[in-house]
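Asks: What follows is a structure written as structure tokens; I'll ask about it next.
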Amino acid sequence: MALLRNKIVQILLNQQSTLGSCKYATASSTNLREVLTNLIPEKQEEVKKFRAEHGKTVVGSVTVDSIYGGMRGIKGLVTETSVLDANEGIRFRGYSIPECQKLLPKGNGGTGEEPLPEGLFWLLLTGQMPTQEQADAVSREWNKRAAIPNHVIQMLNNFPSNLHPMSQFSAAITALNTESKFAKAYSEGVKKTKYWEYTYEDSMDLIAKLPTVAAIIYRNLYREGSPVGAIDMKKDWSWNFATMLGYENADFVELMRLYLTIHSDHEGGNVSAHATHLVGSALSDPYLSFAAGMNGLAGPLHGLANQEVLVWLTKVREQVGDNITEQQMKDFVWNTLKAGQVVPGYGHAVLRKTDPRFTCQREFALKKLPNDPMFKLVSSLYKVVPDILLEQGKVQNPWPNVDAHSGVLLQYYGMKEMNYYTVLFGVSRALGVLASLVWDRALGLPLERPKSYDTPHLIKLAHAVKK
Ligand SMILES: CC(C)(COP(=O)(O)OP(=O)(O)OC[C@H]1O[C@@H](n2cnc3c(N)ncnc32)[C@H](O)[C@@H]1OP(=O)(O)O)[C@@H](O)C(=O)NCCC(=O)NCCS
1 MALLRNKIVQ ILLNQQSTLG SCKYATASST NLREVLTNLI PEKQEEVKKF RAEHGKTVVG
61 SVTVDSIYGG MRGIKGLVTE TSVLDANEGI RFRGYSIPEC QKLLPKGNGG TGEEPLPEGL
121 FWLLLTGQMP TQEQADAVSR EWNKRAAIPN HVIQMLNNFP SNLHPMSQFS AAITALNTES
181 KFAKAYSEGV KKTKYWEYTY EDSMDLIAKL PTVAAIIYRN LYREGSPVGA IDMKKDWSWN
241 FATMLGYENA DFVELMRLYL TIHSDHEGGN VSAHATHLVG SALSDPYLSF AAGMNGLAGP
301 LHGLANQEVL VWLTKVREQV GDNITEQQMK DFVWNTLKAG QVVPGYGHAV LRKTDPRFTC
361 QREFALKKLP NDPMFKLVSS LYKVVPDILL EQGKVQNPWP NVDAHSGVLL QYYGMKEMNY
421 YTVLFGVSRA LGVLASLVWD RALGLPLERP KSYDTPHLIK LAHAVKK
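For the sequence shown, the residue numbers in the UniProt record's numbering are 1 to 467.
Put into structure tokens, the structure is as follows:
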């Protein structure tokens, strides 16, 4: 799956930087909706002009292999919020992860260490690096919108304990659509030009509610159903989330801020982003669209990989112990491959080098938990796995991805429940995919609404090849 890259992405990047550098009358406003209201007409004009000029430009070709390979290499989607470079990794609105760590507002009124996801959401939506006041205003806004309806609480409390946390998460998000302002406005015949406003309102509400939903799931499954407590209106999203989960360690709160920032967005072609976008293109409301994305994130080749990594690392420790030699490690990796399994946390459909999200988590671990045995195991694996994958000769990318590291940090602070890790990923992913959905509606982009049902059936393909 690919976005419009190369030429076209360059043009879009230029547009993004234009967006970023615009000085609007409201640039200092702490009202995110007002800032967006000012940005959208200009961006709509830009896209209109761009399409008028380049609408018929051919940007790629489609081969039989790209069809059988899952639309691999086909330039077929537009995503405003982030761009994934195969060698450099993700850039959020043009900013790399180290740049975001440096420039985004921090927690505790600016004295914290890691970026606030609230600031990242502002950046993803507007293309503008927010001020501390703007990020703090988003915290306040989300705190005000965090309450969840009783029917969702009851539903969560009635789920059996053997229902996977991701299934619970997705079901709760679907049921939350009783709150959808978009669905209500649509049923009342709202004008198309107003779609983005209701999508924005739903997105803000949904993001605000996710930590409470996720914390109830955690406490029901692993803390005997103890209450999550109330939102502290003066604190940020990550602080409240960590506290509702039952973690008050200041370093864990910083980890949450980092974790929720870096897992948010990875261009538009990955399963969770694409599924959200696709379902949204049917004008399903943001709750239904995001729930679809979460069902994709729950797959072992996508978000569930961070759970699988910890399961796999735990097996290594159980079978070989902490003082594992390099040879024992190599044997373990080879045995995994010979059993026909993938090495979780390694490889990527687009990236061709070590994921910068892996690197920044590694840097966090080097600062906060350099002697943790699991971290040491991850570090040793980093030394042996790429060579083995290269020797096996199948993978396009032998380097670690984000999932190779995240679980190790969580277990260090006491969150040992691996089944739960993908839920944290899901809370974060909401930021990117919902910011994208707002832009989909603002730019009138139901991109994947099928115009025809020309399935690439083998007979049709053979016919096309003969031609
Ligand atoms: C992420 C992933 C799904 C990308 O898939 P992809 O785009 O098909 O990757 P490639 O083109 O490199 O795959 C080529 C071959 O190498 C294999 N491969 C890729 N990553 C591998 C890994 N980590 N371990 C073993 N084999 C791997 C693929 O299964 C494929 O084999 P096949 O030809 O027998 O089907 C894949 O790398 C993977 O399964 N990784 C492990 C799970 C994971 O960490 N997921 C999180 C992603 S952020």
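Beta carbons are placed, not taken as given, at the ideal position from N, Cα and C, and that holds for glycine.
Any idea if Met-418 is buried or exposed, counting beta-carbon neighbours within 10 angstroms, 16 or more meaning buried?
Replies: buried
Asks: Give the C-beta separation of Glu-254 and Glu-114 to the nearest angstrom, bearing in mind that I take them to be a contact with Cβ-Cβ under 8 Å.
Replies: 5 Å
Asks: Which residue from Arg-51, Gln-327, Gly-268 and Leu-210 puts its Cα closest to that of Asp-85?
Replies: Gly-268
Asks: Could you pull out every residue in the same chain whose Cβ sits closer than 6 Å to the Cβ of Gly-347, ignoring the five residues on either side in sequence?
Replies: Val-395 and Asn-397
Asks: What are the residues that DSSP puts in a beta bridge with Pro-211?
Replies: Paired residue(s): none; Pro-211 is not in a bridge.
Asks: Taking 7 Å as the cut-off, does the CB of Asn-335 come closer than this to any heavy atom belonging to ligand 1?
Replies: No, ligand 1 has no heavy atom inside 7 Å of this Cβ.
Asks: For Thr-422 and Leu-410, what's the separation of their Cα atoms in angstroms?
Replies: 12 Å
Asks: Could you check which residue in Gly-110, Glu-46 and Leu-437 has the C-alpha nearest to that of Phe-290?
Replies: Leu-437
Asks: Just the C-alpha distance for Leu-103 and Val-83, rounded to the nearest angstrom, thanks.
Replies: 18 Å
Asks: Using only the alpha-carbon positions, how far apart do Tyr-382 and Gly-73 sit?
Replies: 28 Å
Asks: Apart from the five residues just before and just after Val-385, which ones in its own chain have a Cβ nearer than 8 Å to its Cβ?
Replies: Exclusion of the five residues before and after Val-385 leaves Val-333, Val-343, Tyr-346, Pro-398 and Pro-400 as the residues of its chain whose Cβ lies within less than 8 Å of its Cβ.
Asks: Would you kindly work out how many angstroms separate the C-alpha atoms of Val-408 and Ile-324, rounded to a whole number?
Replies: 17 Å
Asks: Would you say the stretch 167–183 touches the stretch 227–234, given that touching needs at least three Cβ pairs under 8 Å?
Replies: no
Asks: With DSSP run on the structure shown, which of helix, strand or coil describes Val-465?
Replies: DSSP places Val-465 in helix when its eight states are reduced to three.
Asks: By the three-class DSSP mapping on this structure, what secondary structure does Pro-227 have?
Replies: Secondary structure at Pro-227: coil, using DSSP grouped into helix, strand and coil.
Asks: In the DSSP output, what is Gly-89 paired with across the bridge?
Replies: Paired residues: Asp-85.
Asks: Starting from Gln-287 and walking both ways along the alpha helix (DSSP H), at which residues does that stretch end?
Replies: As written in the sequence, residue 287 is Tyr, which differs from the Gln given in the question. Looking at the DSSP string, the run of the alpha helix (DSSP H) that includes Tyr-287 is 286–297.
Asks: Using 7 Å as the cut-off, classify the Cβ of Tyr-346 as near or not near the heavy atoms of ligand 1, replying yes or no.
Replies: At least one heavy atom of ligand 1 is nearer than 7 Å to the Cβ of Tyr-346, so yes.
Asks: Measure the alpha-carbon distance for Ile-207 versus Met-374 and round it to whole angstroms.
Replies: 32 Å
Asks: Write down the C-beta distance between Val-271 and Gly-246 rounded to the nearest angstrom, noting that I regard them as a contact closer than 8 Å.
Replies: Actually they do not touch by this definition, with Cβ atoms about 30 Å apart.
Asks: What are the uninterrupted segments assigned as alpha helix (DSSP H) that are 4 or more residues long and contained completely in the stretch 97–172, given in chain order?
Replies: 97–103, 117–126, 132–144 and 150–158
Asks: Would you mind giving the Cβ-Cβ distance between Ala-435 and Thr-81, rounded to the nearest angstrom? I have them listed as a contact below 8 Å.
Replies: 5 Å
Asks: If we ignore side chains and look at the alpha-carbon of each, how far apart do Gln-134 and Lys-144 end up?
Replies: 16 Å
Asks: Can you tell me the Cα-Cα spacing of Tyr-95 and His-54, whole angstroms?
Replies: 26 Å
Asks: Determine whether the beta carbon atoms of Pro-105 and Phe-182 lie at a separation below 8 Å.
Replies: no
Asks: Which whole-angstrom value is the C-beta distance of Ala-214 and Phe-169, which I expect to be below 8 Å?
Replies: 6 Å
Asks: Is it the case that the Cβ atoms of Arg-257 and Leu-116 are separated by a distance below 8 Å?
Replies: Pairing Arg-257 with Leu-116 gives a Cβ-Cβ distance under 8 Å.
Asks: For Tyr-346, which beta-bridge partners are listed by DSSP?
Replies: Pro-400
Asks: Is Val-311 near ligand 1, with its Cβ less than 7 Å from a heavy atom?
Replies: Remark: the shortest separation between the CB of Val-311 and any heavy atom of ligand 1 does not fall under 7 Å.
Asks: If you reduce the DSSP assignment to three classes, tell me which class Tyr-247 lands in.
Replies: coil
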